[in-house]
Structures are given as C-alpha cells and as structure tokens.
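A.B. asks: Following this note's numbering, the numbering of the sequence shown begins with 4 at its first residue and continues without gaps.
I am attaching a structure below and will ask some questions about it afterwards.
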Amino acid sequence: MSADLAITNGTIVDADGIRRADLRIENGVVVEVGEKLDGDTVIDADGLVVSPGFVDLHTHLREPGDEEAETIQTGSRGAALGGFTACVVMPNTNPAIDSLAVVQQVLDAASDALCEIVPAAAMTIARAGEQLAPMAELVRAGVRIFTDDGTGLQNARLMRTALEYAGGLNHLTDGFDVVLAQHCEVESLAAGGVMHEGEWSSVLGMPGQPAEAEELMVMRDIALARLTGGRVHFQHVSTRGSVSMIRAAKEAGLAITAEATTHHFTLDHSACQTYDPAFKVHPPLRTEDDIAAVKVGLLDGTIDAIATDHAPHTRQAKERPFLSAPPGMLGLETAFAVANTELGADIEQLVRLLSVNPAYIAGIDDRHGGRIEAGRPANLTVLDLDEEWTVTGAAMASRSTNTPYEGRTVRGRVRHTFWNGDHVVDMGEATR
Ligand code: DOR
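Listed below in structure tokens is the structure:
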C-alpha cells in the first residue's frame, strides 16, 4: 500500500459549508473524511482552514513568447504558493493560443508545472478581431473558454457569430456551454488612455479611459447574450455601471457570469499620482465608488469569482514612464491574502469566490472546487486566516516583481497546497 497523508484537526470549508473533520489522501485522491484519522505523514491543521484549491480564471503566464517575464513553471509555482491548484491561462501569448499546435505547446510546457494549466484559446485568429479561431477543433482538444483578453472583440457582428457558433458545440462537451470571456473595452473610447478618466487623470494631466469604454461593451454583450442564448463571462469588471448591468441581466435570467480582480476592489485611481507604472493596468484602477460597488457585487453574488489577472512584466518594461509602460500587475501570490484582508467576506464566501465558482465556470469542477469528499482528487489548500505578512515583489516566485502591494501588510497565508495529492507547497514553501 502506498504512503498516505492525513490532515487533522482542521476546519474544512467547501461547497457544502464549514465542518470540523480530518481527511486522508492516498495516491493523489481524498480517500476518507472523518474523525481521528491517521496516516504515514500527519499535518496538524489545528486553527487552520482546509479548502479546495483555488482556481484562477485569469492568468497570464507569458509562455510561449515572453519567458523573460514569466514561464509556466515560475508562474505555476507562484500560483501554488497562492493556494491555486488550477489556472486558466490567457491566450495573449506570442504566438497567441489560437490553434491546436499552440494549445499543445502550452500543455507540453506545463509538464513541470505545480498546478493544472488550463489553456483558454483566442476567440479570433491572432486576437486580431477579424476571423474566428477554429473553435470546434479547439473545443475537441479540451478548450472550454475563448477570449481575446488584452483587448475586447470590437466587432459586434463577429461576437454574435462567435456566440451562435459556440452555442452549437455542446455535443462536443457533454452539454457544457462553451464560454466566451470578454475583456470589455471599446477601443475607440479607450485608445490612448493610460488610467481612469476622472479627477486624478485631470490633476495628473494623463489621458484617461472613461468608465463608459467598459460599460458600453458590457451593455452590448448582455444584449448579444440575450439575442443568442450564448454564455458570456465578463472579465475584470471594474465599474459601478458594469456591476449594475450584470446584476440586472442575471435577475432577468441570462446565463452570464463575471469576475473581479483583487486590485479592482482594493486600489483606486489616486494610486497613479505616484506615476509608478506598478499601478498601470487595463481596465484601469477606478474610483472609491466603483470599488464599493465591485465589493458589493462580489458579496451579493452578482460577480461570481475573484480572478487575479496576474500580468507579469519585466523590470525593464515596468521601469518605462507611466505613459509608455505596459499595463498589468502580479496577483497570484497575493490574491487570497488581499481578499481576506480587504473584502469583508467570510471564509465560506471567499472559498466560493476563489474556488467553487471559478471551477464551475471553467468546467473543471469534476476535479477542482466542489466538495472535499472521498473519491475526489486531492486538490487542496491549507490556510492560516490570521497570519500577517508583508508583500515583497522580490521575494515572489514570479520572474517579475510588478506587484502593486509592495510593502503592504496583509492577513492570511497559504501554508500547504496539494495538487492531485502532490504536496507542492509545504509550510509556505514550494517543494519544487
Ligand atoms: O493590464 C492588463 N495586462 N490587462 C490586460 O487585459 C492584459 C494584461 C497583460 O497581458 O499584460
């Protein structure tokens, strides 16, 4: 019999709620949940939470093409340290993930990853917004989420066609509705804008992107979801108006979902007064009022998931002036602690937002999220909700250091992560 491992005295928080129980893992699978369990190795989780591993719906790992900023290996190590057992990786790589060959390249590169790498594919070839990617072929290869993230699909007719086409692919997915994830940004309004258009962009004299650049596309895609019955997922929702429209559309019964990033509910546009490109991101940091609305949206279920939009950029790129530096922030290693510190959610809500709901949206809830019960793959994280620590970009596993939380003290630490039973994070350290 192979060696087994028991996690004892912990508080299990999963899709079923909270309970005190021990669990035993053998051959990568949870084999028993109960009282007074023992194993060849025992982890005492007294005072700690045991949750299904987190699932990030929005990760940029830069491979292929920009490996000097991040690789699948370094990014997945950061993910594991952040409690994630699966990352949906964005296709704005170089080349874009828009063909079977590049999907296979990503999966090959993931062979030494510390979490499951789930490739999202581009909606359009080369993310150019002109011609649909070979969606059926990509769905046959296992892709469930399509997105041109980094930009939104500008052409409403093509978006309609993509939704209609995706709606016809259920026979390839056992009935799972293929998801079109949209980065909502109307280019003609946002172009040239490097931060939110408002009080601070006026003070700083920097070109802004109005909230309406996001909201018009949210409005359009809600209309197209209604027209086609298609499955739209709204990425990194950042404005009060977007949250309101998504809430109303859900109340009207549309099968849409949404995510918000940690930075969009913790940082506002005044951060840009430092001219530090660490605070440059798309969509941009918004107002206090937008932050309040995003938080309410997360807490009342309008927004289904917390995503990281982990977007590593080399030091050299982020040392350029604010106007020309690339947008994006690290997120994987801080998401749980930042949310635990600032959202005002209880641990059941956090587990829903970071694990249960995103696993469901990505169609990987057979192995992530869900319940901790015998027979499920051991994709787990063990959390200390109270430990305080200070964020330091240079100490992260990521190849890049562009965290917007440098020097901030946060509460909540990932002690252990298990991916298919593999103990990838042990006492807060990656094991490989
Ligand atoms: O700030 C961003 N950075 N927003 C995006 O949508 C893309 C991302 C990136 O890839 O760097």
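Using N, Cα and C, we set each Cβ at its ideal position, and we do this for glycine too.
Since we're looking at a predicted model, the values are computed, not measured.
1) From Glu453 to Glu351, what does the alpha carbon distance come to, in whole angstroms?
2) Express the C-alpha separation of Cys187 and Glu218 in angstroms, rounding to a whole number.
3) First and last residue of the alpha helix (DSSP H) that includes Ala165?
4) Can you name the start and end residues of the beta strand (DSSP E) that Thr420 belongs to?
5) Express the C-alpha separation of His239 and Asp425 in angstroms, rounding to a whole number.
6) Is Gln212 near Val197, with beta carbons less than 9 angstroms apart?
7) Can you list, in chain order, the residues of its chain whose CB lies under 7 angstroms from that of Gly37, leaving out five sequence neighbours each side?
8) Quickly, what does DSSP pair Glu218 with across the bridge? List them, please.
9) Using a threshold of 8 angstroms, is the CB atom of His419 nearer than that to any non-hydrogen atom of the ligand ATP?
10) Going by beta carbon distance, what residues of the same chain come within less than 6 angstroms of Gly68, once the five residues before and after it are set aside?
11) In angstroms, rounded to a whole number, what distance separates the CA positions of Gly415 and Thr384?
12) Specify whether the region 147 to 154 and the region 121 to 137 touch according to this definition: at least 3 beta carbon pairs, one from each stretch, less than 8 angstroms apart.
13) Can you give me the C-alpha to C-alpha distance between Gly300 and Ala6, rounded to a whole angstrom?
14) Measuring only the C-alpha atoms, how far is Leu64 from Leu270?
15) Judging by CA-CA distance, which residue of Ile28, Asn12, Val32 is the nearest neighbour of Asp369?
16) Pick from Gly56, His313, Glu376: whose alpha carbon is nearest that of Thr265?
17) With distance defined between alpha-carbon atoms, name the residue in Val417, Tyr363, Thr317 nearest to Ala72.
18) Within 10 angstroms of its Cβ, does Asp389 collect 16 or more other Cβ (buried), or is it exposed?
19) Would you list the residues sitting across from Ser54 in a DSSP beta bridge?
20) With a CB to CB cut of under 8 angstroms and the five nearest residues on each side skipped, what residues in its chain are close to Ala9?
21) Grouping DSSP H, G and I as helix and E and B as strand, with all else coil, what is Asp429?
22) Say the cut is 8 angstroms; is the CB of His236 nearer than that to a heavy atom of the ligand DOR?
23) Could you give the residue range of the beta strand (DSSP E) that holds Glu91?
24) If you compare alpha carbons, which of Gly232, Gly153, Gly373 is closest to Ala165?
25) DSSP three-state label for Arg379, please.
26) For the alpha helix (DSSP H) holding Ile249, just list the boundary residues, first then last.
27) Which residues in the same chain have their Cβ closer than 6 angstroms to the Cβ of Glu66, if we skip the five residues on either side of it in sequence?
28) Does the ligand DOR have a heavy atom nearer than 8 angstroms to the CB of Ala314?
C.D. replies: Let me spell this out:
1) Absent from the model: residue 453. The displayed extent of the chain is 4 to 435, so no value can be given.
2) 7 angstroms
3) DSSP places Ala165 in the uninterrupted alpha helix (DSSP H) bounded by 159 to 170.
4) 412 to 422
5) 31 angstroms
6) yes
7) Ala24, Asp25
8) Paired residue(s): none; Glu218 is not in a bridge.
9) With respect to small molecules bound, the structure shown includes the ligand DOR and not the ligand ATP.
10) Thr96, Asn97
11) 12 angstroms
12) yes
13) 44 angstroms
14) 23 angstroms
15) Val32
16) His313
17) Nearest option by C-alpha distance: Thr317.
18) exposed
19) Beta-bridge pairing links Ser54 to Thr384.
20) Within the same chain, and ignoring the five residues on either side of Ala9 in sequence, the residues whose Cβ sits closer than 8 angstroms to its Cβ are Asp25, Leu26, Arg27, Ile28, Leu40, Asp41, Gly42, Thr44, Val45, Ile46.
21) strand
22) no
23) As written in the sequence, residue 91 is Val, which differs from the Glu given in the question. Val91 -> beta strand (DSSP E) spans 87 to 92.
24) Closest by alpha carbon: Gly232.
25) Coil at Arg379, not helix or strand.
26) 243 to 254
27) Thr74, Ile75, Ala112
28) yes
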